[in-house]
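*Asks:* I am attaching a structure below and will ask some questions about it afterwards.
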Amino acid sequence: MKKTVDVSIPLGPMHPCWKEPVRLKCETAGERVLHTEVELGYMKKGIERIMRGRPWQEVMFLAERVCGICSVVHNMVFIETMEEISDIAVPPRAAYLRVVANELDRIASHLIANFSYCYTIEHETLAMYLLNTRERVLDNLERITGSRINTAYMIPGGVRFDLLPEDAAVMLADLAKVEDELKRYVRIFETGPLIGLRSKGIGFMSREDAIRAHTVGPTARASGVEDCDLRLRHPTYQALDFKQITRTEGDNFARVMVRFQEVFQSIDLIRKCVDTLPDGPIRGGGLCRAGEASYAGEAPRGELTYTIKTDEYGRVVDIAIRTPSIMNIEACAHYMVVDATSIADVTSTFISSDPCIACNER
Amino acid sequence: MRSIVYYVREFLRPEWLKKFFFVKTAPLVTPPYFKGYPTRTEKECTGCFTCMMICPAPDAIAVLRRKEQWEPEVYPGHCIRCGLCVEACPEGVLSSGRVLELAGRDATAFWHSYHLEVDESLCMRCGNCCVACPINRQIDPRLAATGTSTSDDVIMRVKGGRVQILHEEKCTGCKTCETQCPSGAMRVARMVEGVQFLDEVGS
Ligand code: SF4
Ligand code: SF4
Ligand code: SF4
Numbered sequence: 001m002k003k004t005v006d007v008s009i010p011l012g013p014m015h016p017c018w019k020e021p022v023r024l025k026c027e028t029a030g031e032r033v034l035h036t037e038v039e040l041g042y043m044k045k046g047i048e049r050i051m052r053g054r055p056w057q058e059v060m061f062l063a064e065r066v067c068g069i070c071s072v073v074h075n076m077v078f079i080e081t082m083e084e085i086s087d088i089a090v091p092p093r094a095a096y097l098r099v100v101a102n103e104l105d106r107i108a109s110h111l112i113a114n115f116s117y118c119y120t121i122e123h124e125t126l127a128m129y130l131l132n133t134r135e136r137v138l139d140n141l142e143r144i145t146g147s148r149i150n151t152a153y154m155i156p157g158g159v160r161f162d163l164l165p166e167d168a169a170v171m172l173a174d175l176a177k178v179e180d181e182l183k184r185y186v187r188i189f190e191t192g193p194l195i196g197l198r199s200k201g202i203g204f205m206s207r208e209d210a211i212r213a214h215t216v217g218p219t220a221r222a223s224g225v226e227d228c229d230l231r232l233r234h235p236t237y238q239a240l241d242f243k244q245i246t247r248t249e250g251d252n253f254a255r256v257m258v259r260f261q262e263v264f265q266s267i268d269l270i271r272k273c274v275d276t277l278p279d280g281p282i283r284g285g286g287l288c289r290a291g292e293a294s295y296a297g298e299a300p301r302g303e304l305t306y307t308i309k310t311d312e313y314g315r316v317v318d319i320a321i322r323t324p325s326i327m328n329i330e331a332c333a334h335y336m337v338v339d340a341t342s343i344a345d346v347t348s349t350f351i352s353s354d355p356c357i358a359c360n361e362r
Numbered sequence: 001m002r003s004i005v006y007y008v009r010e011f012l013r014p015e016w017l018k019k020f021f022f023v024k025t026a027p028l029v030t031p032p033y034f035k036g037y038p039t040r041t042e043k044e045c046t047g048c049f050t051c052m053m054i055c056p057a058p059d060a061i062a063v064l065r066r067k068e069q070w071e072p073e074v075y076p077g078h079c080i081r082c083g084l085c086v087e088a089c090p091e092g093v094l095s096s097g098r099v100l101e102l103a104g105r106d107a108t109a110f111w112h113s114y115h116l117e118v119d120e121s122l123c124m125r126c127g128n129c130c131v132a133c134p135i136n137r138q139i140d141p142r143l144a145a146t147g148t149s150t151s152d153d154v155i156m157r158v159k160g161g162r163v164q165i166l167h168e169e170k171c172t173g174c175k176t177c178e179t180q181c182p183s184g185a186m187r188v189a190r191m192v193e194g195v196q197f198l199d200e201v202g203s
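Chains as they are written, first to last, in full-length UniProt numbering: chain D, 1 to 362; chain E, 1 to 203.
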């Protein structure tokens with residue numbers, strides 16, 4: 001039977017639930033969504049173009065401005081790409097400190113993603129709780145790096161600042177509080193009947209679809225895709241005995257829960273890092289040289305790849321950044337929201353895939 | 001009427017009025033770990049331009065000559081508070097929040113040098129770069145007047161129809177030559193490396 005389109009409903013580019021401008025065009029029959037199209041391009045920054053021809057010292061700061069939520073990982077992947085090009089070794093202490101900063105950033109990113117999901121399904125109380133908890137995490141990021149968002153914590157061959165024992169103690173105490181609070185919120189999220197009605201079984205994407213759509217990050221992991229966490233291949237994480245978190249439900253609920261579980265895992269990782277922090281220097285040194293490399297790391301939303309070509313003096317001749325969200329957004333439009341029962345479910349499903357437009361349209 | 005009286009009475013409640021006029025909120029304090037804008041300390045600036053050269057933001061910091069002494073000036077509208085200048089200054093002229101002082105304590109620093117490049121295909125041999133360079137003019141004052149130099153100590157000079165770079169290591173990285181070059185042939189590359197002098201802290 002051929003379905004006929006009643007009306008085409010545009011969602012966005014400005015939508016109260018969306019952090020950034022993007023437009024979804026939903027073709028509907030009644031309230032049922034038949035087909036969705038994504039329209040990007042409302043906030044193109046042209047940041048890759050600005051980076052070209054600049055010395056790495058400047059590009060480093062531009063790189064972390066690609067995304068305002070997961071800026072630490074952009075910093076980290078850029079620096080690790082430069083290290084790969086120039087064969088610079090990182091002292092073990094610095095490698096562990098990088099993991100600490102990166103995981104704090106991941107917690108902050110996941111909490112804001114879950115905040116927006118709760119906000120979208122109109123559980124404002126839980127949303128505000130999560131945002132409050134996130135502040136605590138950002139305060140700690142500031143305590144160890146000096147800034148809340150754009151930290152510029154890493155440089156080729158190490159990190160900028162050392163972690164003092166007293167700071168580490170305050171951070172661990174704070175993270176224990178965060179963990180307690182989050183346990184409560186996760187219980188609310190798991191057992192709340194209305195939350196369940198709006199999330200369980202909604203926006204389902206099977207494992208095959210997730211693989212076909214090349215989804216990455218928590219979105220893929222919530223559909224049961226194995227081996228898709230690039231941290232598994234990172235030497236420091238391997239030393240910390242990292243295992244990826246996977247769920248099989250593949251719906252909105254699973255995506256949010258994967259993020260919650262990853263927050264707990266990140267807290268554990270930070271604890272492990274601080275406990276086993278090796279002594280030694282935090283900066284090794286080494287000059288950036290000519291070369292070309294492509295390197296991928298795991299951002300909170302999935303695989304993040306930098307491809308950089310430098311000249312003899314460490315100036316960036318060419319750079320291409322591939323950020324995770326684009327595949328998740330496409331997968332959302334093609335697989336998750338198809339046959340969504342209402343427009344409200346389209347909104348919440350879209351948010352559950354944690355779209356980041358800022359890094360998408362860099 | 002009764003309700004008006006009620007509202008007036010409500011509004012004129014002494015405890016409410018007291019709270020309204022004498023409310024005490026917690027004072028806004030800047031946390032010590034905040035990486036604030038760089039500020040100047042008592043120490044004397046030698047005008048080495050290291051801070052200017054390492055600063056990633058355009059026009060955020062300028063080292064100005066004021067009454068017989070150099071002074072770094074930070075323009076807060078451009079500064080991105082990265083703190084690199086604080087860390088890079090060899091004299092400790094600049095200071096900022098606690099995390100940046102930490103860098104001084106564990107002896108982490110930047111080692112840097114500059115490299116000069118002239119693109120022969122673009123260069124018109126005008127000599128602007130050699131004349132504009134403040135170090136050049138200090139070494140050979142005659143250069144500023146005549147445009148050429150016979151001294152072998154200068155950073156660069158025009159000789160034999162091309163720009164000769166003689167003493168790259170004297171360059172302070174001020175980029176004056178780069179900005180003065182009319183054809184964009186001159187490039188100053190900075191080579192920066194973060195290092196930690198562990199033997200100095202003794203660990
Ligand atoms: S803090 Fe950073 S941006 Fe500001 S003046 Fe210093 S180097 Fe430049
Ligand atoms: S950057 Fe150019 S003008 Fe400045 S000191 Fe070096 S050579 Fe001279
Ligand atoms: S200023 Fe430029 S064009 Fe003139 S001599 Fe120097 S490099 Fe060549």
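All C-beta atoms in this analysis are idealised placements derived from N, C-alpha and C, irrespective of residue type, glycine included. Quantities reported herein were computed from a predicted structural model and do not represent experimental measurements.
Strictly under 7 Å for the Cβ-Cβ distance: is residue 82/E near chain D by that measure?
*Replies:* As a position in the second sequence, residue 82/E is number 82, starting the count at 1. With 7 Å as the cut-off, residue 82/E counts as an interface residue toward chain D.
*Asks:* Go through its chain and collect everything with a Cβ distance to residue 28/D's Cβ below 8 Å, but skip five positions before and after it.
*Replies:* On the first sequence, position 28 is the one that residue 28/D refers to. Around residue 28/D: 5, 6, 7, 8, 9, 34 and 343.
*Asks:* In three-state terms, what does DSSP make of residue 32/E?
*Replies:* Sequence index remark: in the second sequence, residue 32/E carries index 32 (1-based). Three-state result, residue 32/E: coil.
*Asks:* Just curious, the beta strand (DSSP E) that residue 244/D is in, first and last residue?
*Replies:* Locating residue 244/D in the first sequence gives position 244, counting from the first residue. That residue, residue 244/D, is in no beta strand (DSSP E); it is neither H nor E in DSSP.
*Asks:* Residue 87/E and residue 62/E look like a contact to me (Cβ under 8 Å); what is the Cβ gap, rounded to whole Å?
*Replies:* Walking along the second sequence from the start, residue 87/E turns up at place 87. Walking along the second sequence from the start, residue 62/E turns up at place 62. Not a contact, Cβ separation roughly 18 Å.
*Asks:* Residue range of the beta strand (DSSP E) that residue 105/D falls in?
*Replies:* Reading the first sequence from its first residue, position 105 is the one you call residue 105/D. Not the beta strand (DSSP E): residue 105/D falls in the alpha helix (DSSP H), residues 92-120.
*Asks:* Would the beta-carbon of residue 362/D fall within 7 Å of that of residue 66/D?
*Replies:* Here residue 362/D corresponds to residue number 362 of the first sequence, with the count starting at 1. Here residue 66/D corresponds to residue number 66 of the first sequence, with the count starting at 1. Going by C-beta atoms, residue 362/D is nearer than 7 Å to residue 66/D.
*Asks:* Under 8 Å Cβ-Cβ, which residues of chain E neighbour residue 52/D?
*Replies:* For this step, residue 52/D is matched to residue 52 along the first sequence. The premise fails here: residue 52/D is roughly 15 Å from chain E at the closest Cβ pair, so nothing lies under 8 Å.
*Asks:* If you measure from the beta carbon of residue 143/D to each beta carbon in chain E, is any gap under 7 Å?
*Replies:* Within the first sequence, the letter at position 143 stands for residue 143/D. Cβ-Cβ to chain E under 7 Å: yes for residue 143/D.
*Asks:* Which residues in the same chain as residue 182/E place their Cβ atom closer than 8 Å to its Cβ, once the five residues preceding and following it in sequence are excluded?
*Replies:* Counting from 1 along the second sequence, the entry for residue 182/E is found at position 182. Same-chain partners within the cutoff: 124, 126 and 128.
*Asks:* Return no unless some Cβ of chain E is closer than 7 Å to the Cβ of residue 362/D.
*Replies:* On the first sequence, position 362 is the one that residue 362/D refers to. Residue 362/D does not count as touching chain E.
*Asks:* Which ranges would you report for the alpha helix (DSSP H) in the segment 236-306 of chain D if only whole runs of at least 4 residues count?
*Replies:* Within the segment 236-306 of chain D, the complete alpha helix (DSSP H) runs of at least 4 residues are 252-275.
*Asks:* How many angstroms separate the CA atom of residue 257/D from the CA atom of residue 192/D?
*Replies:* Walking along the first sequence from the start, residue 257/D turns up at place 257. Walking along the first sequence from the start, residue 192/D turns up at place 192. Residue 257/D and residue 192/D: Cα-Cα distance of roughly 13 Å.
*Asks:* Decide if the segment 295-303 of chain D is in contact with the segment 65-81 of chain D; the criterion is three or more beta carbon pairs, one per stretch, under 8 Å apart.
*Replies:* Yes, the segment 295-303 of chain D touches the segment 65-81 of chain D.
*Asks:* Using the C-alpha atoms, what's the distance from residue 172/D back to residue 202/E?
*Replies:* Reading the second sequence from its first residue, position 202 is the one you call residue 202/E. Reading the first sequence from its first residue, position 172 is the one you call residue 172/D. Note on residue 202/E: pLDDT 43, under 50, position unreliable in the model; the coordinate value appears next. Roughly 28 Å separates the two Cα atoms.
*Asks:* Mark residue 51/D as exposed unless 16 or more other C-beta atoms lie within 10 angstroms of its C-beta, in which case mark it buried.
*Replies:* Locating residue 51/D in the first sequence gives position 51, where the first residue counts as 1. Counting Cβ neighbours within 10 Å, residue 51/D comes out buried, since at least 16 surround it.
*Asks:* Quick one: using the 10 Å Cβ neighbour count with 16 as the cut-off for buried, is residue 186/E buried or exposed?
*Replies:* Position 186 of the second sequence, counting from 1, holds the residue named residue 186/E. Buried, by the Cβ-count rule.
*Asks:* Apply the 10 Å Cβ neighbour rule to residue 352/D and answer buried if 16 or more other Cβ atoms are within range, or exposed otherwise.
*Replies:* The residue labelled residue 352/D in the question sits at position 352 within the first sequence. Label assigned to residue 352/D: buried.
*Asks:* Alpha carbon to alpha carbon, how far is residue 98/E from residue 180/D? Give it in angstroms, no decimals.
*Replies:* Here the question's residue 180/D lines up with position 180 in the first sequence. Here the question's residue 98/E lines up with position 98 in the second sequence. Their backbone Cα atoms lie some 29 Å apart in a straight line.
*Asks:* Return the CA-CA distance between residue 215/D and residue 125/D, expressed in angstroms with no decimal places.
*Replies:* On the first sequence, residue 215/D is found 215 positions in, with the first residue counted as 1. On the first sequence, residue 125/D is found 125 positions in, with the first residue counted as 1. Taking the straight line from one Cα to the other gives about 30 Å.
*Asks:* Alpha carbon to alpha carbon, what distance is there between residue 84/E and residue 41/E?
*Replies:* Within the second sequence, numbered from 1, the residue matching residue 41/E stands at position 41. Within the second sequence, numbered from 1, the residue matching residue 84/E stands at position 84. Distance between the alpha carbons of residue 41/E and residue 84/E: 16 Å.
*Asks:* Counting along the chain, where does the beta strand (DSSP E) carrying residue 159/E start and finish?
*Replies:* Against the second sequence, residue 159/E aligns to sequence position 159. First-last of the beta strand (DSSP E) with residue 159/E: 156-159.
*Asks:* Show which residues of chain E have a CB atom less than 7 Å away from the CB atom of residue 162/D.
*Replies:* Position 162 of the first sequence, counting from 1, holds the residue named residue 162/D. Going along chain E in sequence order, the residues near residue 162/D (Cβ under 7 Å) are 102 and 106.
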